[in-house]
Amino acid sequence: MTNAKTLSVSIASEIENIIIEGSLKPGDRIPNEQELMETYHTSRSTIREAIKSLVSRGTLEIRRGKGTFVCQLPGMTDDPLGLNFLGIDNLNPYLYEARLIFEPEICGLSAKRATDQEIRILQKLSDSIDELDKDLHGQETEIQVIQQLHEKDKAFHMMLCRTCHNPVLERMMPIIIRSISVIYDPITFKNRLTSKPRRSTHDKICKAISAHNAELAKELMYQHLYNAMDFNY
Numbered sequence: 001m002t003n004a005k006t007l008s009v010s011i012a013s014e015i016e017n018i019i020i021e022g023s024l025k026p027g028d029r030i031p032n033e034q035e036l037m038e039t040y041h042t043s044r045s046t047i048r049e050a051i052k053s054l055v056s057r058g059t060l061e062i063r064r065g066k067g068t069f070v071c072q073l074p075g076m077t078d079d080p081l082g083l084n085f086l087g088i089d090n091l092n093p094y095l096y097e098a099r100l101i102f103e104p105e106i107c108g109l110s111a112k113r114a115t116d117q118e119i120r121i122l123q124k125l126s127d128s129i130d131e132l133d134k135d136l137h138g139q140e141t142e143i144q145v146i147q148q149l150h151e152k153d154k155a156f157h158m159m160l161c162r163t164c165h166n167p168v169l170e171r172m173m174p175i176i177i178r179s180i181s182v183i184y185d186p187i188t189f190k191n192r193l194t195s196k197p198r199r200s201t202h203d204k205i206c207k208a209i210s211a212h213n214a215e216l217a218k219e220l221m222y223q224h225l226y227n228a229m230d231f232n233y
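For the sequence shown, UniProt numbering assigns the number 1 to the initial residue and increments by one for each residue that follows.
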């Protein structure tokens, strides 16, 4: 390994440690190339190599015209579980099985640990889902409505992961939820809609969490995911 390569690895490690220590937080913009060159007394190419390494590891992201920022989930790559390499055409049933194992328990933890502010955010997302449900009109439903509904549902479950206040689950579950989102097909969802009003359980889940009823929250989430799996697959 050349001296320049060794130095870029060392600089990448130092920047990573600053993030781990909390001096740079998710979403923060890191110093520009010139500032980093002056801080570490090295060349532009060495700094770029260090940044490139951190970007490839999912620690930093480059926003064109804005700079380089700490990722929202530092260290998380697009496919950390290697799901794309499993060679399975339809992973969704397996992803839902995994969610059935984990998310009810996450709901139970949320009922014990969620703050009042977090519950308000969950309730707001739930209300948005209920409003979008009113715009579902069977086969006549607009694709845009279905896509908005999917995004709100994803946001609800992502937020739920945060409210359990378990740092491992907070990082693990979004991988599964995002994987479902990548292969989600709004056309298939639309084709399975009927004119019968859809009954969302998000509001009931919110109320159980707000009431700190862990067992009810777990039961409702299990029913919610089982019904979703049955509807979609």
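Yeah, the Cβ is synthetic: ideal placement off N, Cα and C, and Gly gets one too.
In three-state terms, what does DSSP make of residue i?
i	result
Glu61	strand
Gly67	strand
Met76	coil
With a threshold of 7 Å (Cβ to nearest heavy atom), would residue i be considered close to the ligand GDP?
i	result
Leu73	No copy of the ligand GDP appears in this structure; indeed no ligand is present at all.
Measuring CA to CA, which of the options is closest to residue i?
i	options	result
residue 234	Met158, Val70, Thr141 and Thr39	Any property of residue 234 remains undetermined from this structure, which presents the chain solely from 1 to 233.
Asp130	Ala214, Phe189, Ser8 and Thr201	Thr201
Ile62	Thr42, Asp28 and Gln34	Asp28
His212	Leu132, Lys152, Arg178 and Ala114	Ala114
Asp133	Phe189, Arg48 and Ser56	Phe189
Gly58	Ala12, Ser128, Leu136 and Asn84	Ala12
Lys154	Ile177, Asp135 and Arg171	Ile177
Met159	Ser179, Gln117 and Ile180	Gln117
Pro81	Ile209, Gly65, Asp203 and Ser179	The amino acid at residue 81 is misidentified as Pro; the sequence shows Leu. Among Ile209, Gly65, Asp203 and Ser179, the Cα nearest to that of Leu81 belongs to Ser179.
Thr68	Val9, Asp79, Glu215 and Ile30	Ile30
Leu83	Tyr40, Ile175, Tyr226 and Asn32	Ile175
Lys112	Glu170, Met172, Val168 and Ala214	Ala214
Leu60	Gln123, Asn32 and Leu125	Asn32
Ser135	Leu149, Leu125, Lys124 and Tyr94	The amino acid at residue 135 is misidentified as Ser; the sequence shows Asp. Answer by Cα proximity: Leu149.
Arg171	Asp79, Arg64, Ala228 and Leu36	Asp79
Thr39	Glu14, Ala228 and Tyr226	Glu14
Ends of the alpha helix (DSSP H) at residue i?
i	result
Thr46	Arg44 to Ser56
Asp127	Asp116 to Asp133
residue 253	The structure shown has nothing for residue 253, since the chain only spans 1 to 233.
Ala211	Segment: none, Ala211 is in no alpha helix (DSSP H) and carries neither H nor E.
Ser110	Asn92 to Arg113
Asp153	Ile143 to Thr163
Leu36	Glu33 to Tyr40
Count the other CB atoms within 10 Å of the CB of residue i; is the residue buried (16 or more) or exposed (fewer)?
i	result
Ile187	exposed
Glu16	buried
Asp230	exposed
Arg44	exposed
Ile51	buried
Leu220	buried
Arg99	buried
Ile101	exposed
Met1	For Met1, the pLDDT reaches just 47, beneath the cut-off of 50, and the residue's location in the model is therefore unreliable, although a value from the coordinates is still provided. Exposed, since its Cβ has fewer than 16 Cβ neighbours within 10 Å.
Leu86	exposed
Ile88	exposed
Ile209	buried
His41	exposed
Ser110	buried
Ile205	buried
Ile119	buried
Ile20	exposed
Lys152	buried
Thr6	exposed
*May I ask you to verify whether the region 161 to 177 touches the region 104 to 122, counting CB pairs closer than 8 Å and requiring at least 3?*
Judged by Cβ distances under 8 Å, the region 161 to 177 makes contact with the region 104 to 122, as three or more pairs qualify.
*So, do the region 139 to 158 and the region 37 to 51 have three or more beta carbon pairs nearer to each other than 8 Å?*
The region 37 to 51 and the region 139 to 158 do not touch, with fewer than three beta-carbon pairs separated by less than 8 Å.
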